[in-house]
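Peer 1: Under our numbering, the first residue of the sequence shown is numbered 1, with each subsequent residue one higher.
C-beta atoms are modelled at their ideal positions from N, C-alpha and C, and glycine is treated no differently.
Structure incoming, see below.
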Amino acid sequence: ALSGLEATFEAVFQTILQLFVIFSRGDRSPNKLQIIVLATSVISLNLPLIANFNLSKPPTVGIKDEVIRIGKLFPVFLTTALFRLLSIAVVCVLLRYYAVFFYGAVFLGFCILHCFPAARYLIAGSFPSAIKLRNLGSSDQTCNTRYKQFHIVLWFSINLITLITFVILANTFDVRFKVFGAEHAWSSLPIVADIRLLNTIIGFTLGSGVVSLVLFKFQIDD
């Protein structure tokens, strides 16, 4: 279980790093090998997550039934992973080191929610939930359902507001700011220099989020 968890986080880090490099460097267009590695990383990080998610369900009779059960959940996990990992990569590319403060502000919000006893169970594992769908692990099914609903809506809302803000700023202003004394201009980034790239990436990311929400409603929200 531990090795599976380590492999998952390694795949998450690798995927975000690959996306960061692709989005940041105009001289490093993704080749076929990078695309294959990226696709493999996304697939490999979802399979153990689905298996872990299914631990709260009754065991299957055989391998065939388990494969079918994983296959049914794969689309919702895949679209969720695409939405959340692409969102993180875009935030890191555009904000650079200030992304730490961005997610720090989100963490502060969780700390404030923790002050309310009735909401404490909702914020358990909030940051792992930033990249994956997960169960609360409670014997109370109502709590489990509310937990899953809360996090699917929470991270969709955070990423939606953030990405739409980025699109408006990038299409309207020449955004520049200092990062440790060096100027960081969005216009120097290939995905902003050709604004269609940023619009396409964010459009695809938000589309993945919407599909994730719909699939969640019909497959997991019970």
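I think leucine 19 touches leucine 94, with their Cβ atoms under 8 Å apart; what is that distance to the nearest whole Å?
Peer 2: Going by Cβ atoms, the distance from leucine 19 to leucine 94 rounds to 12 Å, so no, they are not a contact pair.
Peer 1: Spatial neighbours of lysine 132 within its chain, please: C-beta separation below 6 Å, excluding the five flanking residues on both sides.
Peer 2: Result list for lysine 132: Leu49, in chain order.
Peer 1: Closest to phenylalanine 83 by C-alpha separation, out of Val12, Phe107 and Leu55, would be which residue?
Peer 2: Taking only the C-alpha atoms, the option nearest phenylalanine 83 is Val12.
Peer 1: Looking at the unbroken beta strand (DSSP E) that takes in valine 76, where does it start and where does it end?
Peer 2: Run containing valine 76: none in the beta strand (DSSP E); it sits in the alpha helix (DSSP H), 63-95.
Peer 1: Taking 8 Å as the threshold, find out whether the segment 179-186 comes into contact with the segment 100-115 through three or more Cβ pairs.
Peer 2: These segments do not touch.
Peer 1: Using CA atoms only, rank isn't needed, just tell me which of Arg146, Thr142 and Leu198 is closest to valine 167.
Peer 2: Of Arg146, Thr142 and Leu198, the residue nearest in Cα terms is Leu198.
Peer 1: One question on the structure: do phenylalanine 23 and valine 90 come within less than 8 Å of each other, judged by their Cβ atoms?
Peer 2: Their beta carbons are under 8 Å apart, which means phenylalanine 23 touches valine 90 by this criterion.
Peer 1: Whole angstroms are fine: how far does the CA of asparagine 46 sit from the CA of arginine 25?
Peer 2: Each residue's Cα considered, the two are about 27 Å apart.
Peer 1: Kindly give me the distance between the Cβ atoms of serine 129 and histidine 114, rounded to whole angstroms, as I take these residues to be in contact under 8 Å.
Peer 2: The pair is not a contact, with the Cβ atoms about 15 Å apart (cut-off 8 Å).
Peer 1: Is it the case that the segment 200-220 contacts the segment 148-162, given that we only count it when at least three CB pairs across the two stretches are under 8 Å?
Peer 2: In short, these stretches touch, since the Cβ pair count reaches three.
Peer 1: Could you pull the start and end residues of the alpha helix (DSSP H) that valine 106 belongs to?
Peer 2: Here the alpha helix (DSSP H) through valine 106 covers 99-114.
Peer 1: Am I right that leucine 163 and threonine 200 are in contact with their C-beta atoms under 8 Å? What's the rounded C-beta distance?
Peer 2: Wrong, their Cβ atoms sit about 12 Å apart, outside the cutoff.
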